[in-house]
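**Q** Just so you know, the protein sequences line up as chains A and B, in that order.
The first sequence begins at 4 in our numbering and counts up one residue at a time.
The second sequence begins at 6 in our numbering and counts up one residue at a time.
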Amino acid sequence: MSAKKTSSESLKAMPREGSGSRDSRRARRDGKIPVVLYGHGEANAHLLTDAHALELALRTEQQVFTLDVNGKSESCLVREVQYDTFGLNVLHVDFNRVDLKEEVEVEVALEIVGKAKGVTEGGTLVTQHPAIWVKCRADSIPAHLEIDVTEIEMGHAIHAGEVKLPKGVTLDEDKMEPETPVIAVVAPKAEVEETPDDEAPEGEAPAEGETPTDGEGSDGEPEKKEGD
Amino acid sequence: MKNMPKRTKHRKVQKGRLKGNATRGHTVEFGDYGLQSLEAGWISSRALEAGRVAATRAAPGGRITIRVFPHKPITSIPAETRMGKGKGEPEYWAATVKPGTVIYEVGGVDADVAKLAMNRVAHKLKVSTRLVKRRAR
Numbered sequence: 004m005s006a007k008k009t010s011s012e013s014l015k016a017m018p019r020e021g022s023g024s025r026d027s028r029r030a031r032r033d034g035k036i037p038v039v040l041y042g043h044g045e046a047n048a049h050l051l052t053d054a055h056a057l058e059l060a061l062r063t064e065q066q067v068f069t070l071d072v073n074g075k076s077e078s079c080l081v082r083e084v085q086y087d088t089f090g091l092n093v094l095h096v097d098f099n100r101v102d103l104k105e106e107v108e109v110e111v112a113l114e115i116v117g118k119a120k121g122v123t124e125g126g127t128l129v130t131q132h133p134a135i136w137v138k139c140r141a142d143s144i145p146a147h148l149e150i151d152v153t154e155i156e157m158g159h160a161i162h163a164g165e166v167k168l169p170k171g172v173t174l175d176e177d178k179m180e181p182e183t184p185v186i187a188v189v190a191p192k193a194e195v196e197e198t199p200d201d202e203a204p205e206g207e208a209p210a211e212g213e214t215p216t217d218g219e220g221s222d223g224e225p226e227k228k229e230g231d
Numbered sequence: 006m007k008n009m010p011k012r013t014k015h016r017k018v019q020k021g022r023l024k025g026n027a028t029r030g031h032t033v034e035f036g037d038y039g040l041q042s043l044e045a046g047w048i049s050s051r052a053l054e055a056g057r058v059a060a061t062r063a064a065p066g067g068r069i070t071i072r073v074f075p076h077k078p079i080t081s082i083p084a085e086t087r088m089g090k091g092k093g094e095p096e097y098w099a100a101t102v103k104p105g106t107v108i109y110e111v112g113g114v115d116a117d118v119a120k121l122a123m124n125r126v127a128h129k130l131k132v133s134t135r136l137v138k139r140r141a142r
């Protein structure tokens, strides 16, 4: 079920003067993050926000932010966050203008509650989708959706259509079909005891264009040319 | 499990250079936690297998995913051999890893168990690593 709703937090933004990767790098060096604000038929706005404030805001579960651009406040949804290779620094954020009374499509994270029956029997709980797509009003986006897994047995799954949603929130069937499994309990794989014969020497390499098999004459030994 | 390609176009390949950070395969996709490389290097198929065994033992019931595959044949010339006479013979297979590459993932276990499993794996690898968590969004 749903927990608390997300609240809107204000972020200060200023228009960008330059554009392009060189300018973006300079901005990041100065503690600013380039963001883009688009939607609602208005022109795209290329902005800069304070890196620290933005990263702190993104760590919360909220999805709706208020961008304060030159004294004008605009409500917006986070559509995409780009991180660096190590996932430590935010590189760029896409904000989508939103009317708080309109219906929006957003991805809401799932929070697993309880221990599945199948897990106590030796199965493994596999999260296939850590978040699901829902449709709801922008001012009532749930922070996360709690999903009770205690009744899942071995080999069974909870599908997107079975997730209990709060009032006013529906599954976005265009982006996620109700039959999509989101959390499943899978049986453990049978451990195959490796015999010494199975452990092929590391030096074995298949000859060019050949597939080494266990049959004779194809033991994977590299062919040696005459005159070597 | 034979940790080597079934079929290759060429028996030997050149060393190559590992420049820059990973631009793909740097996020946790299949499990809940991952082991991310902080260095570039070659990881032998033996090390990968040793890591898999260590993770399976440390996290029984967990789901271990290896995100890299040893595609690269590494050659060497025998000891006490005079220089020349061409390139050596393939000795082992290695996966090329750049900084940021997620090498292993573990899912279906508690955070403590996952961390322990990834720590055991890290000791089998010759690159320094860090633990990363899957992002919900």
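Every residue gets a Cβ at the ideal spot worked out from N, C-alpha and C, and that includes glycine.
Ignore the nearest five residues each way along the sequence and tell me which others in TRP98/B's own chain have a CB closer than 8 Å to its CB.
**A** As a position in the second sequence, residue 98/B is number 93, starting the count at 1. Correct list, in chain order: ASN8, MET9, PRO10, SER49, SER50, PRO75, HIS76, LYS77, PRO78, ILE79.
**Q** Along chain B, in chain order, which residues have C-beta atoms closer than 7 Å to that of THR127/A?
**A** If you number the first sequence from 1, residue 127/A lands on position 124. GLY66, GLY67, ARG68, GLY113, listed in chain order.
**Q** Check whether chain B comes within 8 Å of THR293/A, counting only Cβ atoms and requiring the distance to be less than that.
**A** Only positions 4 to 231 of chain A appear in this structure, which leaves residue 293/A out of reach.
**Q** For LYS89/B, does the three-state DSSP call read helix, strand or coil?
**A** Looking up residue 89/B in the second sequence gives position 84. Reading off the sequence, residue 89/B comes out as Gly, not Lys. Coil at GLY89/B, not helix or strand.
**Q** When you compare only the Cα positions, how much space is there between GLU77/A and LEU70/A?
**A** Here residue 77/A corresponds to residue number 74 of the first sequence, with the count starting at 1. Here residue 70/A corresponds to residue number 67 of the first sequence, with the count starting at 1. Their backbone Cα atoms lie some 5 Å apart in a straight line.
**Q** Is there at least one Cβ from chain B nearer than 8 Å to THR88/A's Cβ?
**A** As a first step, residue 88/A must be located in the first sequence, where it is residue number 85. Yes - at least one Cβ of chain B is within 8 Å of the one on THR88/A.
**Q** Distance cutoff 8 Å, beta carbons only. Does THR134/B sit that close to anything in chain A?
**A** The residue labelled residue 134/B in the question sits at position 129 within the second sequence. It does not: the Cβ of THR134/B has no partner Cβ on chain A nearer than 8 Å.
**Q** Measuring alpha carbon to alpha carbon, tell me which residue in ILE144/A, ASP87/A, GLY117/A is nearest GLU105/A.
**A** Working through the first sequence from its first residue, we reach residue 105/A at position 102. Cα-wise, what sits closest to GLU105/A is ILE144/A.
**Q** Could you check the C-alpha separation between LEU59/A and LYS20/B for me, to the nearest Å?
**A** If you number the first sequence from 1, residue 59/A lands on position 56. If you number the second sequence from 1, residue 20/B lands on position 15. Cα-Cα distance, rounded: 43 Å.
**Q** Based on the DSSP output, what are the partners of GLY39/B in its beta bridges?
**A** In the second sequence, residue 39/B corresponds to position 34, counting from 1. Bridge partners of GLY39/B: GLU110/B, VAL137/B.
**Q** Would you identify the three-state DSSP class for VAL101/A, choosing helix, strand or coil?
**A** For the purposes of this step, residue 101/A is taken as the residue at position 98 of the first sequence. VAL101/A falls in the coil class under three-state DSSP.
**Q** Thinking just about the alpha-carbon of each residue, which of GLY164/A, THR88/A, THR173/A, LYS120/A is nearest to the one in GLU180/A?
**A** In the first sequence, counting from the first residue as 1, residue 180/A sits at position 177. Ranking GLY164/A, THR88/A, THR173/A, LYS120/A by Cα distance to GLU180/A puts GLY164/A first.
**Q** In the DSSP assignment, what residue or residues form a beta bridge with THR173/A?
**A** On the first sequence, residue 173/A is found 170 positions in, with the first residue counted as 1. According to DSSP, THR173/A bridges with LYS138/A.
**Q** Which residues of chain B have a Cβ atom closer than 7 Å to the Cβ of ALA163/A, listed in chain order?
**A** Numbered from 1 along the first sequence, position 160 holds the residue referred to as residue 163/A. Per Cβ cutoff of 7 Å: no residues; ALA163/A is ~15 Å from chain B at best.
**Q** Looking at C-alpha atoms only, which residue of THR153/A, VAL67/A, VAL93/A is the closest neighbour of CYS139/A?
**A** Taking the first residue of the first sequence as position 1, residue 139/A is located at position 136. Comparing Cα-Cα distances from CYS139/A to each of THR153/A, VAL67/A, VAL93/A, the minimum goes to VAL67/A.
**Q** Assign LEU113/A to buried or exposed, taking buried as 16 or more other Cβ atoms, counted over all protein chains shown, within 10 Å of its Cβ.
**A** For the purposes of this step, residue 113/A is identified with residue 110 of the first sequence, where counting begins at 1. Flag for LEU113/A reads buried.
**Q** What is the DSSP secondary structure of ASN8/B, counted as helix, strand or coil?
**A** To locate residue 8/B, count along the second sequence from 1; it is residue 3. Here ASN8/B sits in coil by DSSP.
**Q** If you drop the 5 nearest sequence neighbours on each side, which residues of the same chain put their C-beta closer than 8 Å to that of ALA52/B?
**A** Taking the first residue of the second sequence as position 1, residue 52/B is located at position 47. Hits under 8 Å: LYS129, LEU130, LYS131.
**Q** Applying a beta-carbon distance threshold of less than 7 Å, which residues of chain B neighbour PRO133/A?
**A** The count along the first sequence starts at 1 and reaches residue 133/A at position 130. Ordered by position in chain B, the residues that pass the 7 Å Cβ test against PRO133/A are ARG139, ALA141.
**Q** Check the Cβ-Cβ distances between PRO37/A and every residue of chain B, and say whether any is below 8 Å.
**A** Counting from 1 along the first sequence, the entry for residue 37/A is found at position 34. For PRO37/A, the answer is no, since every Cβ of chain B falls outside 8 Å of its Cβ.
**Q** Residues in its own chain within less than 8 Å of LEU174/A by CB, not counting five upstream and five downstream?
**A** The count along the first sequence starts at 1 and reaches residue 174/A at position 171. Within the same chain, LEU174/A has close Cβ partners ILE135, TRP136, VAL137, LYS138, ALA163, GLY164, VAL166, LEU168, PRO181.
**Q** First and last residue of the alpha helix (DSSP H) that includes ASN124/B?
**A** The count along the second sequence starts at 1 and reaches residue 124/B at position 119. That run of the alpha helix (DSSP H) goes 116-127.
**Q** Starting from LYS75/A, follow its DSSP beta bridges and name the residues at the other end.
**A** The residue labelled residue 75/A in the question sits at position 72 within the first sequence. DSSP lists VAL72/A as partners of LYS75/A.
**Q** According to the Cβ coordinates, are VAL38/A and VAL107/A closer than 8 Å?
**A** The sequence position of residue 38/A within the first sequence is 35, counting from 1. The sequence position of residue 107/A within the first sequence is 104, counting from 1. In this structure, VAL107/A does not lie closer than 8 Å to VAL38/A by Cβ.
**Q** What are the boundary residues of the alpha helix (DSSP H) that ALA60/A is part of?
**A** Here residue 60/A refers to the residue found at position 57 when the first sequence is read from its first residue. ALA60/A -> alpha helix (DSSP H) spans 54-62.
**Q** Give a yes or no on whether the C-beta atoms belonging to TYR38/B and ALA119/B are separated by under 8 Å.
**A** Along the second sequence, read from residue 1 onward, the residue named residue 38/B stands at position 33. Along the second sequence, read from residue 1 onward, the residue named residue 119/B stands at position 114. Cβ distance < 8 Å, so TYR38/B and ALA119/B count as in contact.
**Q** Am I right that GLN131/A and VAL185/A are in contact with their C-beta atoms under 8 Å? What's the rounded C-beta distance?
**A** Looking up residue 131/A in the first sequence gives position 128. Looking up residue 185/A in the first sequence gives position 182. Correct: roughly 6 Å between the Cβ atoms.
**Q** Under a Cβ-count criterion, where at least 16 other Cβ atoms within 10 Å of its own Cβ denotes burial, should VAL126/B be classed as buried or exposed?
**A** By 1-based counting over the second sequence, the position of residue 126/B is 121. Buried is the call here.
**Q** When DSSP builds the beta bridges, which residues end up paired with LYS15/A?
**A** The residue given as residue 15/A occupies position 12 in the first sequence. Answer by DSSP bridge pairing, in chain order: ASP71/A.
**Q** Between the C-alpha atoms of THR127/A and VAL58/B, what's the straight-line distance to the nearest angstrom?
**A** Your numbering for residue 127/A matches position 124 in the first sequence. Your numbering for residue 58/B matches position 53 in the second sequence. Cα to Cα, the separation comes out at about 17 Å.
**Q** Do PHE98/A and LEU40/A come within 8 Å of each other at the CB atom, strictly closer than that value?
**A** Along the first sequence, read from residue 1 onward, the residue named residue 40/A stands at position 37. Along the first sequence, read from residue 1 onward, the residue named residue 98/A stands at position 95. Yes, Cβ-Cβ distance for LEU40/A and PHE98/A is below 8 Å.
**Q** Whole angstroms are fine: how far does the CA of TYR109/B sit from the CA of ARG29/A?
**A** Here residue 29/A refers to the residue found at position 26 of the first sequence. Here residue 109/B refers to the residue found at position 104 of the second sequence. Spanning the two alpha carbons is a distance of roughly 34 Å.
**Q** Using a C-beta to C-beta distance shorter than 8 Å, which residues of chain A count as neighbours of ASP2/B?
**A** Past the edges of chain B, shown from 6 to 142, lies residue 2/B, and the structure says nothing about it.
**Q** With 8 Å as the threshold, decide whether the Cβ of GLN41/B is near any Cβ in chain A.
**A** Numbered from its first residue, the second sequence carries residue 41/B at position 36. Yes - at least one Cβ of chain A is within 8 Å of the one on GLN41/B.
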